[in-house]
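Colleague:
In my numbering, the protein residues as written are 21 to 650.
Next up, the structure:
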């Protein structure tokens, strides 16, 4: 059993639990801190309380999704609906290609494979930066003097497998995290010893970044440069171990040089940012150095900036020692993407709350967003500015005032908040509604129901239905009334797969037709209520004959109880009084899912190198032309 862990920093715990709505047991959320070497996972049900914490080696998994799934397999009693991952890679859009590991993936594909309603992926140092305002004295160790300015920019450095760099910029009552690849700036030597290291690196590299040397792998390179290639190579962990013991002068010199280099990089960051709020050092190396780092030349080098030495002496530097900081950061960021308990969108609520603090021009942009957020997702900056009657730079300023890097970042966060988190609600159409209003209401009602349906899909049942239909000698579809159109649609698709299929829509022949089915056949029953007597009797007859029963209906219905596989559609629609509309759309979607699955399962397994040769035709098997398949 993975141990239950609670944050040990009381200030952090208090910071993360300030929202009263989050105090009770909530839906479990999957949080992760994915590095190049190790990945840390946990489940969060109460803000700031991290359960089932586990550390997995990335080397044990060839791809990203199996790594996450390996952790989820250890918590089978929990099924997270929302997730937030901090990852060692600059996030810009949907495609992620890790810098220090040969993993690449689509965020949307990962979300679907893991069955998450919400998946937020951010740079790991962006997440770490978001946790800094809550770090109290118990979670940090100050190195040298200085005192933080309460409204000052905060800088962050983290030597590990690479060199992470980020920052927090104060904006009114919140912080803007700065996504940065500052670790790849050019390395600058500070003395003759470091110049010797740089010359050694120039022998093999045309450009030497700070990350090359101020990192875990960099410590090994420093040791090699200072001691010559003839010296016995040592791994970073052994160099640090010997330096801490003090019994290996070469290792002591290596770590001393590393700490001085880090001091230069930290000072450059502080001056570049104007980081009067302090510079924090995290990552996997420095916190483990302990007293060795406190005695090192780090702070001396930090202040060694000539005319700006006095300026830097007033800026405090800290080593982060608090647990689970990345978890706190992604948890904070995830709040803006998970729906509130009443189904509202947190980002839109944030815009409403901030509207009075915005400039008059920015307020007009806010009004445009709140009036039609979905249109904003698709509109270019020029269209938004025209609708708001402001300049295009004003639209960008509006996004940055809310803590986003720009319009693209704002749209990404807004889109993730709108996708998969629309509340299930009916907006009644009234006789006096304009055509535009009734169209919008019909669309919104249907979209809301589809999103809700997405959360309840039983993927295993879909897979079992695909297998049954693929292997069936004959398929018969039974439906009446509104569902008859769905049965005819299914017949149209399955016929294209060259599967013998017929749609039965006349209740008077249901039982007779079912009695001629056999053990190799499949009977598919489609019904919103699942209670139609003729359908239930036909299901009994088909079952008596040994046919497999697939039911597309509500979970608790008589028809569902008789089915071998129930593809549950539990949309509440009074079909006895009204013509059912939304449930028909959901039934059609089930048919589409099964059809796409059939198309994929029926594709020939042909190696790419042989496809199109005289012996292996390039044309697909009959019936696999489905628009969802690329």
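Just so it is clear, CB atoms sit at the ideal spot from N, CA and C, and this is done for glycine as well.
(1) Rounded to whole angstroms, what is the Cα-Cα separation between residue 419 and residue 370?
(2) Are residue 183 and residue 231 closer than 7 Å when you measure CB to CB?
(3) By Cβ distance below 8 Å, which residues in the same chain neighbour residue 225 in space, the five residues on each side in sequence not counted?
(4) Using the C-alpha atoms, what's the distance from residue 255 back to residue 344?
(5) May I have the straight-line CA-CA distance separating residue 203 from residue 118, to the nearest angstrom?
(6) Is residue 107 closer than 7 Å to residue 141 when the C-beta atoms are compared?
(7) Return yes when the Cβ of residue 562 is within less than 7 Å of the Cβ of residue 534, no when it is not.
(8) Taking only the alpha-carbon atoms, compute the straight-line gap between residue 252 and residue 165 and give it to the nearest angstrom.
(9) Where does residue 131 land, buried or exposed, given buried means 16+ other C-beta within 10 angstroms?
(10) Once the 5 residues before and after residue 617 are set aside, which same chain residues still bring their CB inside 6 Å of it?
(11) Looking only at C-alpha atoms, which of 143, 372 and 493 sits nearest to residue 115?
(12) Closer than 8 Å is the cut-off here; do at least three beta carbon pairs connect the stretch 599-613 with the stretch 500-513?
(13) Between residue 229 and chain B, is any beta-carbon pair separated by less than 7 Å?
(14) So, do the stretch 167-178 and the stretch 120-139 have three or more beta carbon pairs nearer to each other than 8 Å?
(15) Residues in the same chain with beta-carbon distance under 7 Å from residue 310, minus the five sequence neighbours each way, listed in chain order, please.
(16) Please identify the residue among 591, 576 and 537 whose C-alpha is closest to the C-alpha of residue 567.
(17) How many whole angstroms separate the CB atoms of residue 524 and residue 497, which I take to be in contact at a CB cut-off of 8 Å?
(18) When you compare only the Cα positions, how much space is there between residue 476 and residue 576?
(19) Does the distance from the C-beta atom of residue 177 to that of residue 286 stay below 7 Å?
(20) Rounded to whole angstroms, what is the Cα-Cα separation between residue 91 and residue 127?
(21) Where DSSP assigns a beta bridge to residue 62, which residues make up the other side?
(22) Indicate whether residue 550 and residue 580 have their beta-carbon atoms separated by less than 7 Å.
(23) Rounding to the nearest angstrom, what Cα-Cα distance links residue 478 and residue 138 in this structure?
(24) Check for me: the alpha helix (DSSP H) holding residue 402 runs from which residue to which?
(25) Is the stretch 242-252 in contact with the stretch 269-283, if contact means three or more CB pairs nearer than 8 Å?
(26) Once DSSP output is grouped into helix, strand and coil, what is the label at residue 430?
(27) When you compare the stretch 331-342 with the stretch 64-75, are there three or more beta-carbon pairs, one atom per stretch, that lie closer than 8 Å?
(28) I'd like the list of long-range same chain contacts for residue 403, defined as Cβ closer than 6 Å, with 5 residues on each side in sequence excluded.
(29) Can you tell me the Cβ-Cβ gap for residue 105 and residue 347, rounded? I've got them flagged as a contact below 8 Å.
(30) Please list, in chain order, all residues of the same chain as residue 473 whose beta carbon is under 6 Å from its beta carbon, the five residues on each side excluded.
(31) For the candidate residues 531, 492 and 526, whose alpha-carbon lies nearest to that of residue 514?
(32) Cα-Cα, which of 519, 512 and 556 is closest to residue 651?
(33) Looking at the unbroken alpha helix (DSSP H) that takes in residue 157, where does it start and where does it end?
(34) Considering only C-alpha positions, which residue in the set 400, 293, 161 and 542 is nearest to residue 190?
(35) Is DSSP giving residue 186 helix, strand or coil here?
(36) Which class does residue 246 belong to by DSSP, given the choice of helix, strand or coil?
Modeller: In this structure, then:
(1) 12 Å
(2) yes
(3) 232
(4) 26 Å
(5) 15 Å
(6) yes
(7) yes
(8) 39 Å
(9) buried
(10) 486
(11) 143
(12) yes
(13) In the structure shown, chain B cannot be found, because there is only a single protein chain.
(14) no
(15) none
(16) 537
(17) 7 Å
(18) 14 Å
(19) yes
(20) 18 Å
(21) 51
(22) yes
(23) 18 Å
(24) 401-408
(25) yes
(26) helix
(27) no
(28) none
(29) Not confirmed; about 11 Å, so no contact.
(30) 606
(31) 492
(32) Here the chain covers residues 21 to 650 and nothing more, so residue 651 does not appear.
(33) No alpha helix (DSSP H) holds residue 157; DSSP gives it neither H nor E.
(34) 293
(35) strand
(36) helix
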